[in-house]
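Take the sequence shown: its letter number 11 is residue 19 in our numbering, and every next letter is one higher.
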Amino acid sequence: MPRIVLKTNRCGAVFRFSFHKKHTLLSSPRPIQIPLHSSGFPFSRFRTLLLTLVFSTAVSGCGGSTSPSSRSSSASSLRAATTSFPAVQEESDSVPALPALPEKVGSWTISERRTFESESLSELIDGAADAYLSLGFRKADYAVYSHPGGFELEVMRFEMTSPAAAHGALTRDAAPDDQRLPFGTEAYQGPQMIAARRGQYYTRIQGFDDRDEVYAGMSEIARAVLGLGSESSR
9 MPRIVLKTNR
19 CGAVFRFSFH
29 KKHTLLSSPR
39 PIQIPLHSSG
49 FPFSRFRTLL
59 LTLVFSTAVS
69 GCGGSTSPSS
79 RSSSASSLRA
89 ATTSFPAVQE
99 ESDSVPALPA
109 LPEKVGSWTI
119 SERRTFESES
129 LSELIDGAAD
139 AYLSLGFRKA
149 DYAVYSHPGG
159 FELEVMRFEM
169 TSPAAAHGAL
179 TRDAAPDDQR
189 LPFGTEAYQG
199 PQMIAARRGQ
209 YYTRIQGFDD
219 RDEVYAGMSE
229 IARAVLGLGS
239 ESSR
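Right under this line is the structure:
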């Protein structure tokens, strides 16, 4: 199903939007995803709504113009939040190469998969590829896991050049105050999303349904694609 993804800042102002079939942009804060049904919602009506939302929130921002002092204060808050993430231990964090994404995890089965290299990364994360390349990117494994109940999960596993690079990728999606999960080197759960790292591998799992089985599936698949099986591990 096609989706529009609106990227907002911390105050809710839209600063980026993208139309695509499945892939979501990878950058914090969280995307707002609006499903587009083929009937019952004319595109012309949706376009008017979208443009109104984008321009009104872009102008309003966080309450008007921002003074240099408030910008400095915001930057300080951001730096303070970033330091809340655990430190990266390069040598002990590294792990052996992981196998391909498992074809089946519990009730979830891969219905689509693809591997992305540096030259094709922008097809997966349009707008964020340069940031991943500058951090140190090797390849990305992408898959859609489907559930018999009609649910889907998008899985993106990034092999970075180092644990520090993978940590940098994780901090683009997770926030230090997100719910911590007890597996991997570090793992966080946000709204319909899990961001998890094991060594030099960073995995982002995106759900589209606020259901218990979806959250359980995200956690189960996150463990599996990071090579942890069903047990908690470093």
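Cβ coordinates follow ideal geometry from the N, Cα and C atoms, glycine included.
From the DSSP output, in three-state form, read off G215 for me.
strand
Kindly confirm or deny that the segment 118 to 126 and the segment 170 to 178 touch, where touching means at least three C-beta pairs closer than 8 Å.
no
V163, enclosing beta strand (DSSP E) - first and last residue:
E160 to M168
Under three-state DSSP, which class holds C133?
Note that residue 133 is Ile in the sequence shown here, rather than Cys. Looking at I133 - three-state DSSP - the assignment turns out to be coil, as it is neither helix nor strand.
Excluding the five sequence neighbours on either side, which residues of its own chain have a C-beta within less than 7 Å of the C-beta of Q197, listed in chain order?
D186, Q187 and L189
Going by DSSP, which residues form a beta bridge with R188?
Y196
Using 10 angstroms around the beta-carbon of L129, count the other beta-carbons present and answer buried if the total reaches 16, otherwise exposed.
buried
What residue range is occupied by the uninterrupted alpha helix (DSSP H) comprising R231?
D220 to V233
Since L161 contacts G225 with CB under 8 Å, what's their CB separation in whole angstroms?
6 Å
With respect to the alpha helix (DSSP H) encompassing A177, which residues constitute its N-terminal and C-terminal limits?
P171 to L178
For A203, I'd like the list of residues in its chain whose CB is within less than 6 Å of its CB, leaving aside the five on either flank, ordered along the chain.
L178, D181, A182, Y196 and R212
To the nearest angstrom, report how far apart D134 and G114 are at their CA atoms.
31 Å
At which residues does the beta strand (DSSP E) containing A151 begin and terminate?
F145 to S154
Determine whether the beta carbon atoms of D217 and F159 lie at a separation below 9 Å.
yes
Helix, strand or coil at E127 [DSSP, three-state]:
helix
With C-beta atoms as the reference, is G207 less than 9 Å away from S102?
yes
If you drop the 5 nearest sequence neighbours on each side, which residues of the same chain put their C-beta closer than 7 Å to that of S227?
L189 and I202
With H, G and I counted as helix, E and B as strand and the rest as coil, what does DSSP make of S142?
helix
V152 versus E131 - alpha carbon distance:
15 Å
So is the beta-carbon of A139 under 8 Å away from any non-hydrogen atom of the ligand FMN?
For the structure depicted, the ligand FMN is absent and the ligand set is empty, with no information on it obtainable.
Among A136, D220 and D149, which one has its Cα closest to the Cα of L106?
D149
One or two residues paired with S120 in a DSSP bridge:
Looking at the sequence itself, residue 120 is Glu, so the reference to Ser does not match. For E120, which the question treats as bridged, DSSP gives the partners V152.
Mind checking which residues open and close the beta strand (DSSP E) that includes A204?
M201 to R206
Decide if L141 is buried, meaning its Cβ has at least 16 other Cβ atoms within 10 Å, or exposed.
exposed
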